[in-house]
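A.B. asks: Residue numbers for the sequence shown follow numbering that gives the first Met the number 0, so the first one is 0 and each next one is one higher.
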Amino acid sequence: MGEFADAVAVRLRDALAERQPNLDWETEYRIGRTPVDVVGASDDLFVAVELEWRRADPADNTAKLFRHLAEGGFAASDEICVCQVFTGYYDLQSGGVSSKRENAEFVGSVAEDAFDRFRYRPVRFDLTPPKRGGERPEGWRTRADETADEIASLL
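Encoded structure:
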């Protein structure tokens, strides 16, 4: 991810730490060889927040996380929640979302059905990220905070 995406991940981490202080939050947490953008953990809950900025195949991120879950790569928490955060890049101008997002959500839904202690939650981040080197949209911090509100409400 680029500098702006990193700034958004840090903002999400800090906002989630305010909303869910019972979890220890960090960025760039490794599960196996897979870096997860933001993670919150306690003895009974492990939350992975994967920020899908402009990825060509977000279903790949979803599948990797669930593969690590199946292999026991997650912390030994009672419950695991993966929140996959999709930017406006995955929205269609005609309405709805791209098949890339639909595929990622399908993989998440299948994984949720397959594992007892696992929850998958797709989340919309109301921001269309600029291309590399582009201007950061005004209000991005507010939108990140609103996204943190939604994630916190799902936990």
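Even glycine gets a Cβ: it sits at the ideal position worked out from N, Cα and C.
Note the first and the last residue of the continuous alpha helix (DSSP H) segment covering P128.
C.D. replies: Segment: none, P128 is in no alpha helix (DSSP H) and carries neither H nor E.
A.B. asks: Alpha carbon to alpha carbon, how far is V9 from A103?
C.D. replies: The straight-line gap from Cα to Cα measures roughly 23 angstroms.
A.B. asks: Identify the continuous beta strand (DSSP E) that holds G39 and give its terminal residues.
C.D. replies: T33 to A40
A.B. asks: Assuming the contact rule is C-beta atoms closer than 8 angstroms, E49 and V84 should be a hit. Round their C-beta distance to whole Å, please.
C.D. replies: Yes, they are in contact, since the Cβ atoms of E49 and V84 sit about 7 angstroms apart, within 8 angstroms.
A.B. asks: Determine the burial state of N156: buried for a count of at least 16 other Cβ atoms within 10 Å of its Cβ, exposed for fewer.
C.D. replies: What the structure shows of the chain is the stretch from 0 to 154, and residue 156 is not part of that stretch, so it cannot be assessed.
A.B. asks: Excluding the 5 residues flanking L91 on each side, which residues of the same chain have their C-beta closer than 8 angstroms to its C-beta?
C.D. replies: Within the same chain, Cβ atoms closer than 8 angstroms to the Cβ of L91 are found at S97, the five residues on either side in sequence being excluded.
A.B. asks: Skipping 5 residues on each side, what residues in its chain have a beta carbon closer than 7 angstroms to that of F117?
C.D. replies: L68, I79, A110 and E111
A.B. asks: Only counting the same chain, and skipping five residues up and downstream in sequence, which positions put a Cβ closer than 8 angstroms to that of A62?
C.D. replies: V106
A.B. asks: Per DSSP, which residues does L50 bridge with? Please list them.
C.D. replies: V84
A.B. asks: Taking the beta strand (DSSP E) that D115 belongs to, which residues open and close that run?
C.D. replies: No beta strand (DSSP E) holds D115; DSSP gives it neither H nor E.
A.B. asks: Give the DSSP-derived three-state secondary structure of R142 in the structure shown.
C.D. replies: helix
A.B. asks: With distance defined between alpha-carbon atoms, name the residue in G132, G87, L154 and A6 nearest to R123.
C.D. replies: G87
A.B. asks: If you reduce the DSSP assignment to three classes, tell me which class L154 lands in.
C.D. replies: coil
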